[in-house]
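Per the working numbering, the sequence shown runs over residues 13 to 329.
Notes to accompany the following structure.
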Amino acid sequence: MNRTRTASATALLIALLGSAAATVAWRAATTDPGTGTLHLTRPDTLVVVDANGTRVHQKTRQGTEIGTGPDCRRAAVAAGTLVCLHALPGPFSSEVRIYRPGKTGPEVTLPVWGNPSRARVSPTGHLVAWTVFRSGDSYAASGQFSTTAGIYDLRNGDHYGSLEDFTVLVDGERTQPDDRNFWGITFAADDRTFYATMSANGRTHLMRGDLTTRELTTLRTNVECPSLSPDETRIAYKKRVGADWQLHVLHLQTGQDTALAAPPGIDDQAAWLDDTTVAYGRTEHGRPFVYAVPADGSGKPVELTGGRSPSITTTAR
């Protein structure tokens, strides 16, 4: 285990929690618009971050505006829970803000060290996850960035910290590579199982995680930013093909891997709109757009709206 890295991150988290809690709570209560005009319990609507990477917008699948919410760089919603990664002034300083319907501000605010990258909510709305970019890890060369990912349980306030503190099993053997990085968490509906990407020793792995045992097990290589389908049989992900990423869908039981009819170069964590359709963000001519594409490799992408970080509102499972 990289003890320098873990100890430094733990000390920083304690310091942030201790010194910033009062000011964060005050700021959230006095300046945060809360859920604004969002309808978090209305199912089957798109939630995206606008093209400027600031505010959350809710739209129909056809792109009609329904409501707006808090300032976010990355956002995700499920079962009435909205998680927002909010960038603060200064380098590598952010907050995870968690919203519920009818609140005037965030129900939970967590300081994190890093720049917003990915966000997810479990199908039940009980768990939220985030990924941030950061620097300063002891294994990284000067000027390089790394990632860290964490999970929080709204039911009991459990903060699982960084996935770097979980036990890693590669081919059944326990190992804790110093250069391990995690990102792109996606949840199953049992509020125990999740999937994520781990990078270590120059390779990326699809990891299956268990919150009860705090273990992560390798399943497959060359899988990044997984997104579990609503029926939990497949994972949409980006696959490195040459110099670009290509959007694929992996069947977890059969191992069948299908390339989707999306163009190469997608750097996003896809989101399932339903069991047959995958949404993703892509920048075109300097502006971000959200597209949908069939999950079976057929068809072609359809533009849904401008923006990034798409997710679909759902009812609790």
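No residue lacks a Cβ here, since even glycine has one placed at the ideal position from N, Cα and C.
In terms of residues, what are the limits of the beta strand (DSSP E) holding residue i?
{"i": "Glu236", "result": "236-240"}
{"i": "Arg294", "result": "289-296"}
{"i": "Ile278", "result": "Neither: Ile278 is in no beta strand (DSSP E) and is coded neither H nor E."}
{"i": "Pro300", "result": "299-306"}
{"i": "Asp286", "result": "283-286"}
{"i": "Leu256", "result": "The question names Leu, but residue 256 in the sequence shown is Asp. Asp256 -> beta strand (DSSP E) spans 256-263."}
{"i": "Ala131", "result": "127-133"}
{"i": "Leu316", "result": "314-318"}
{"i": "Thr270", "result": "269-271"}
{"i": "Thr49", "result": "From DSSP, Thr49 is part of no beta strand (DSSP E); its letter is neither H nor E."}
{"i": "Thr198", "result": "193-199"}
With a threshold of 16 other CB atoms inside 10 Å of the CB of residue i, please say whether the residue is buried or exposed.
{"i": "Pro300", "result": "buried"}
{"i": "Val314", "result": "exposed"}
{"i": "Ala153", "result": "Summary for Ala153: the model assigns pLDDT 43, below 50, so the residue's position carries little reliability; its value from the coordinates is reported in the next sentence. Per the 10 Å Cβ criterion, exposed."}
{"i": "Glu236", "result": "buried"}
{"i": "Thr198", "result": "buried"}
{"i": "Lys312", "result": "exposed"}
{"i": "Gln265", "result": "exposed"}
{"i": "Ala88", "result": "buried"}
{"i": "Gln281", "result": "buried"}
{"i": "Val253", "result": "exposed"}
{"i": "Arg192", "result": "buried"}
{"i": "Asp103", "result": "One detail in the question is off: residue 103 reads as Pro in this sequence, not Asp. Pro103 comes out exposed."}
Could you name the residues of the same chain whose beta carbon sits closer than 7 Å to that of residue i, not counting the 5 residues immediately before and after it, in chain order?
{"i": "Phe145", "result": "Gly126, Asn127, Ser129, Phe157, Thr159"}
{"i": "Gly155", "result": "Unreliable placement is indicated for Gly155, whose pLDDT of 43 sits below 50; no coordinate value is reported for it."}
{"i": "Ala271", "result": "Gln258, His260, Gly309"}
{"i": "Trp284", "result": "Ser239, Ser241, Pro242, Ala248, Val290"}
{"i": "Ile278", "result": "Lys250, Trp257, Leu259, Tyr292, Arg294"}
Note down, in chain order, each residue of its chain lying with its Cβ closer than 6 Å to the Cβ of residue i, except the 5 sequence neighbours on either side.
{"i": "Ala40", "result": "Because Ala40 sits at a pLDDT of 40, beneath the cut-off of 50, its placement in the model cannot be relied upon, and the following sentence gives the value as read from the coordinates. Counting only Cβ-Cβ distances below 6 Å, and skipping sequence neighbours, we find Gly117, Pro118, Thr121."}
{"i": "Leu228", "result": "Phe178, Val180, Met219, Gly221"}
{"i": "Ala141", "result": "Arg132, Ile163, Ile197"}
Name the one or two DSSP bridge partners that residue i has.
{"i": "Lys71", "result": "Leu58, Glu77"}
{"i": "His217", "result": "Met210, Thr233"}
{"i": "Gly162", "result": "Trp142, Ser174"}
{"i": "Glu244", "result": "Answer is none; Glu244 lacks a bridge partner."}
{"i": "Ala90", "result": "Thr93"}
{"i": "Ile110", "result": "Val95, Val120"}
{"i": "Leu181", "result": "Arg186, Thr229"}
Could you tell me how far apart the beta carbons of residue i and residue j are, in whole angstroms, since I believe they sit closer than 8 Å?
{"i": "Val290", "j": "Ala328", "result": "Not confirmed; about 22 Å, so no contact."}
{"i": "Val124", "j": "Val108", "result": "6 Å"}
{"i": "Gly79", "j": "Gly48", "result": "6 Å"}
Ignore the nearest five residues each way along the sequence and tell me which others in residue i's own chain have a CB closer than 8 Å to its CB.
{"i": "Arg186", "result": "Thr179, Val180"}
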